[in-house]
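Chains as they are written, first to last, in this note's numbering: chain D, 1 to 125; chain P, 1 to 496. Down below is the structure, laid out as structure tokens.
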Amino acid sequence: MSARRYTKDHEWIIVDGDIATVGITDFAQEQLGDVVFVDLPAIGKEVTKGGEAAVVESVKAASEVYAPIAGTVVAVNDGLAGEPAKVNAEPFGGGWFMKLKVKDPSELDGLLDEAAYRAFVAESH
Amino acid sequence: MTTTGHRGLDHEEPLIFEQDSPGLSGVDLPLPKGGPDRLGGLGRSRPLGLPGMAEPQVVRHFTRISQRNYAIDAGMYPLGSCTMKHNPRLNEKVVRLPGLGDLHPLQPVRTVQGALRLVDTLAHWLKTLCGMPAVALSPAAGAHGELCGLMTIRAAHEARGDARRKVLVPESAHGTNPATAALCGYDVDPIPANDRGRLDLAAFKAKLDGSVAALMLTNPNTCGLFEDQVIEAADLVHRAGGYFYCDGANFNAIVGRVRPGDLGVDAMHINLHKTFSTPHGGGGPGSGPVVLSAALAPYAPVPYVVHDKGGFRLIESDPKAFGRIRAFHGQMGMFVRALSYMMSHGGDGLRQAAEDAVLNANYVMARLGDLLSPAFLGPCMHECLLDDHALKDTGVTTLDIAKALIDEGFHPMTVYFPLVVHGAMLIEPTETESKASVDQFIAAMRALALRAKSGDAEFFHESPTLAPRRRLDETSAARHPVLRWRPPAPPAAAAE
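Structure follows, in structure tokens:
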């Protein structure tokens, strides 16, 4: 399994073989506040790198979640429908959003590693 | 706590269904005389489910809940981006004149010449104030106006065989802008703001190509700032073969001073219920006329009013028009009120209203700037935008300030919008408020800011304490919404 990588839009991605798991970061959930609804994509949907893949709604706002890399949606976290609070409680675990079949593994190279993401958050907020 | 649950003359009021006294009624009707049943077995088997109540109970119920309604008629309502301003009573008097109040949209045109003249005069005022040659009056509200504007733009592109697929929208736009473009079938491409809170012209240029149908820009923008590179942006989009849609929701800040036509605008909706004082927010329908440039005018929707030697006529079909978006002619009641506002103010009065709105917002920013943090360097336009930087490490959030403001007797400002500003507080005092009233608001905000900085976070987390309801659990309400009252389960049918 690869190390977790991040986007500047505060998504994370972790790859195991050719399947990637995607969610939003702890910083993102904290900024959003209590998550009340998550709109997940249909299985089989093709997403593009940086394209809209899901919507997360909190008491403050609704925000898009973008796909960190291109791929096909092979699974979504159905449990979030009944328990959106998981995104707040376990952003890197039980609060995952979707699994993608990776189209081009080289797209991962352009993403931030943990240190670079932490530096990005510290600098811009 | 009182015995009754009432707080002085502020009454605790249960739902009307919870006050049901079965069999009680406001009128004493004789029971229908028995006769043959002609319902064929389709008669109700269960009760209708309406509460049984006496007339005074019904009157008190609705009076009590209406007294819980905070409105611009009750006090300051600084809800940024919504422009909650006074609705002059003269407008209400004029709209009730029998020749205007008793019209029907299907009346023969020769019997409504005065009303059509009024519509034509309103169109003249809007075109003159905007410096644009045409206006479509029928859109029913701001977002409907946006839809009308983009449908006109699409019709113009299609007429020259140039189907385009993309609309560029700044990140700080009203949510309705990207929604409108998407509803029209366009791909929405966001443009970031620069560090001055305005359109990033370089980023805009980079996204501009032959696929762009339109730029949708709000001016003054949602950060309460004038887009000072608007003319360059208009030139650029025109050179790329696209059109410039301006969201005119904030026209109230510039009316009488700036003509959008001079900025290169091709289409702009005007919220009559903001700039021209017609009621909204539960008080009445919106109205969103769209002014159009010469390039777009031929594609405007029907119907529209023309004047020739036979008098005023309604044009109901026009081969170039993209169609119609309302069954009838638009919100006539709002047309009357808006024209009443325009004519009673005059051109100079409209200009002064805009200037006073801007002055009030800048006064708020100047008086709060040392304790709270303006999101961008002023001067601002009609809205003062603060971020939550000044509250950092106090344990007090933007939401807490809004809740505490309720105890001070104010409707809170807009919070957490625009999204591009962290912990945003968007304050729009409008020209309605006197200096005394703005001073009172400023005093309340200063006291709250000082209290937050003094470390009294607990006070804020308890707020509001004086409102009919305390802090609501918004998270549970959103996660487990209870959308309608349901009767309690009937007692077990022991009697049978």
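We treat Cβ as the ideally placed atom computed from N, Cα and C, and that holds for glycine.
| message | Please state the DSSP three-state secondary structure of Y416(P). | response | Here residue 416(P) refers to the residue found at position 416 when the second sequence is read from its first residue. Y416(P) falls in the coil class under three-state DSSP.
| Closest by C-alpha distance to V126(D), when choosing among A42(D), D39(D), D34(D) | No answer is possible for residue 126(D): it lies beyond the span of chain D, which begins at 1 and ends at 125.
| task | Compare the C-beta of V142(D) with all C-beta atoms of chain P and state if any pair is closer than 9 Å. | result | Shown here, chain D extends from 1 to 125; a query on residue 142(D) therefore has no answer.
| If you measure beta-carbon to beta-carbon, which residues of the region 410–423 of chain P are closer than 7 Å to chain D? | Y416, L419
| query | Taking the alpha carbon of K85(P) as the point to measure from, which residue in G264(P), F17(P), H280(P) has its own alpha carbon closest? | reply | Taking the second sequence and counting its residues from 1, one reaches residue 85(P) at position 85. Selected option, being the one with the closest Cα: H280(P).
| query | Can you tell me the Cα-Cα spacing of A494(P) and G52(P), whole angstroms? | reply | By one-based count along the second sequence, residue 494(P) stands at place 494. By one-based count along the second sequence, residue 52(P) stands at place 52. Per-residue confidence for A494(P) stands at a pLDDT of 49, beneath the threshold of 50, marking its modelled position as unreliable; the derived number appears in the next sentence. So the alpha carbons of these two residues sit roughly 23 Å apart.
| message | Spatial neighbours of P464(P) within its chain, please: C-beta separation below 8 Å, excluding the five flanking residues on both sides. | response | Translated into positions along the second sequence, residue 464(P) becomes position 464. The residues are K403, A404, I406, D407, R470, R471.
| query | Since R479(P) meets chain D, which of its residues come closer than 7 Å, beta carbon to beta carbon? | reply | Stepping through the second sequence from its first residue, residue 479(P) is reached at position 479. Correct list: V36, P84.
| field | 8 Å contact criterion, which Y341(P) and S277(P) should meet: CB distance rounded | value | On the second sequence, residue 341(P) is found 341 positions in, with the first residue counted as 1. On the second sequence, residue 277(P) is found 277 positions in, with the first residue counted as 1. About 5 Å separates the two Cβ atoms, so the contact holds.
| message | With DSSP as the reference, identify every bridge partner of V73(D), one or two as the case may be. | response | Here residue 73(D) corresponds to residue number 73 of the first sequence, with the count starting at 1. V73(D) is bridged to L100(D).
| field | Neighbourhood of Y304(P) by C-beta, 6 Å cutoff - its chain only, sequence neighbours within 5 removed | value | Here residue 304(P) refers to the residue found at position 304 of the second sequence. Non-local C-beta neighbours of Y304(P) in its own chain, meaning closer than 6 Å and more than five positions away in sequence, comprise I315, ordered along the chain.
| DSSP-derived helix/strand/coil call for H307(P) | Within the second sequence, residue 307(P) is the residue found at index 307, counting from 1. Strand at H307(P).
| Can the beta-carbon of K166(P) be found less than 9 Å from the beta-carbon of D200(P)? | One-based indexing of the second sequence puts residue 166(P) at position 166. One-based indexing of the second sequence puts residue 200(P) at position 200. When the beta-carbon positions are compared, K166(P) and D200(P) stay at least 9 Å from each other.
| Endpoints, alpha helix (DSSP H) assigned at K45(D) | Against the first sequence, residue 45(D) aligns to sequence position 45. According to the DSSP assignment, K45(D) belongs to no alpha helix (DSSP H), since it is labelled neither H nor E.
| query | Mind checking Q559(P): buried by the 16 CB within 10 Å criterion, or exposed? | reply | Beyond the ends of chain P as shown, which are 1 and 496, falls residue 559(P); an answer cannot be given.
| message | Rounding to the nearest angstrom, what Cα-Cα distance links L296(P) and H273(P) in this structure? | response | Your numbering for residue 296(P) matches position 296 in the second sequence. Your numbering for residue 273(P) matches position 273 in the second sequence. So the alpha carbons of these two residues sit roughly 24 Å apart.
| query | Going along the chain, which residues of its own chain have a beta-carbon closer than 8 Å to the beta-carbon of A354(P), five neighbours each way excluded? | reply | If you number the second sequence from 1, residue 354(P) lands on position 354. Cβ neighbours of A354(P) beyond the five flanking positions: N252, A253, I254, V255, G256, R257, H382, E431.
| request: Please list the segments of the beta strand (DSSP E) lying wholly inside the region 100–124 of chain P, counting only runs of 3 or more residues, in order along the chain. | output: none
| How many Å lie between I325(P) and M151(P) at the Cα? | Within the second sequence, residue 325(P) is the residue found at index 325, counting from 1. Within the second sequence, residue 151(P) is the residue found at index 151, counting from 1. Their backbone Cα atoms lie some 10 Å apart in a straight line.
| message | So that I know if they touch, is there some Cβ in chain D lying closer than 9 Å to that of E13(P)? | response | As a working mapping, residue 13(P) is identified with position 13 in the second sequence. Chain D contact via Cβ: absent.
| request: Determine the chain P residues that contact A61(D) at a beta-carbon separation under 7 Å, and present them in chain order. | output: The residue given as residue 61(D) occupies position 61 in the first sequence. Residues of chain P passing the Cβ test: Y416, L419.
| Looking at chain D, which residues of the region 456–477 of chain P have a Cβ within less than 8 Å of any of its Cβ atoms? | E474, T475
| Looking at C-alpha atoms only, which residue of V73(D), V38(D), A115(D), S2(D) is the closest neighbour of G95(D)? | Counting from one through the first sequence, the residue named residue 95(D) turns up at place 95. With distances taken between Cα atoms, G95(D) lies closest to V38(D).
| Terminal residues of the continuous beta strand (DSSP E) containing I65(P)? | For this step, residue 65(P) is matched to residue 65 along the second sequence. Not the beta strand (DSSP E): I65(P) falls in the alpha helix (DSSP H), residues 55–67.
| Three or more C-beta pairs closer than 8 Å, one from the region 207–219 of chain P and one from the region 123–139 of chain P: is that the case here? | no
| query | For chain P, is any of its Cβ atoms less than 9 Å away from the one on E57(D)? | reply | For this step, residue 57(D) is matched to residue 57 along the first sequence. E57(D) counts as touching chain P.
| Length of the line joining the Cα atoms of Q67(P) and G395(P) | For the purposes of this step, residue 67(P) is taken as residue 67 along the second sequence, with counting starting at 1. For the purposes of this step, residue 395(P) is taken as residue 395 along the second sequence, with counting starting at 1. Near 34 Å, if we compare the C-alpha coordinates of G395(P) and Q67(P).
| With C-beta atoms as the reference, is D189(P) less than 9 Å away from V169(P)? | In the second sequence, the residue the question calls residue 189(P) occupies position 189. In the second sequence, the residue the question calls residue 169(P) occupies position 169. A contact, by the Cβ cut-off of 9 Å.
| query | Does the separation of the CB atoms of T414(P) and S81(P) fall below 9 Å? | reply | In the second sequence, residue 414(P) corresponds to position 414, counting from 1. In the second sequence, residue 81(P) corresponds to position 81, counting from 1. The beta carbons of T414(P) and S81(P) sit closer together than 9 Å.
| query | With a CB to CB cut of under 6 Å and the five nearest residues on each side skipped, what residues in its chain are close to G330(P)? | reply | For the purposes of this step, residue 330(P) is taken as the residue at position 330 of the second sequence. Here the set comprises L137, S138.
| query | Cα-Cα, which of L80(D), A116(D), E107(D) is closest to V15(D)? | reply | Locating residue 15(D) in the first sequence gives position 15, counting from the first residue. Measuring from the Cα of V15(D), the nearest candidate turns out to be E107(D).
| Per-residue DSSP class, three states only, for R5(D) | If you number the first sequence from 1, residue 5(D) lands on position 5. Correct three-state label for R5(D): strand.
| query | Whose C-beta lies closer than 8 Å to the C-beta of A85(D) among residues of the same chain, with five residues either side of it excluded? | reply | Translated into the one-based positions of the first sequence, residue 85(D) becomes position 85. Only D34, V35 meet the Cβ criterion.
| task | Please determine, among P260(P), G23(P), V109(P), K33(P), the residue with the shortest C-alpha to C-alpha distance to G310(P). | result | For the purposes of this step, residue 310(P) is taken as the residue at position 310 of the second sequence. Comparing Cα-Cα distances from G310(P) to each of P260(P), G23(P), V109(P), K33(P), the minimum goes to V109(P).
| In the structure shown, what three-state DSSP assignment does P298(P) receive? | For the purposes of this step, residue 298(P) is taken as residue 298 along the second sequence, with counting starting at 1. Helix at P298(P).
| Residue interval of the beta strand (DSSP E) (run including C246(P)) | Here residue 246(P) is taken as the residue at index 246 of the second sequence, counted from 1. Residues 243–247.
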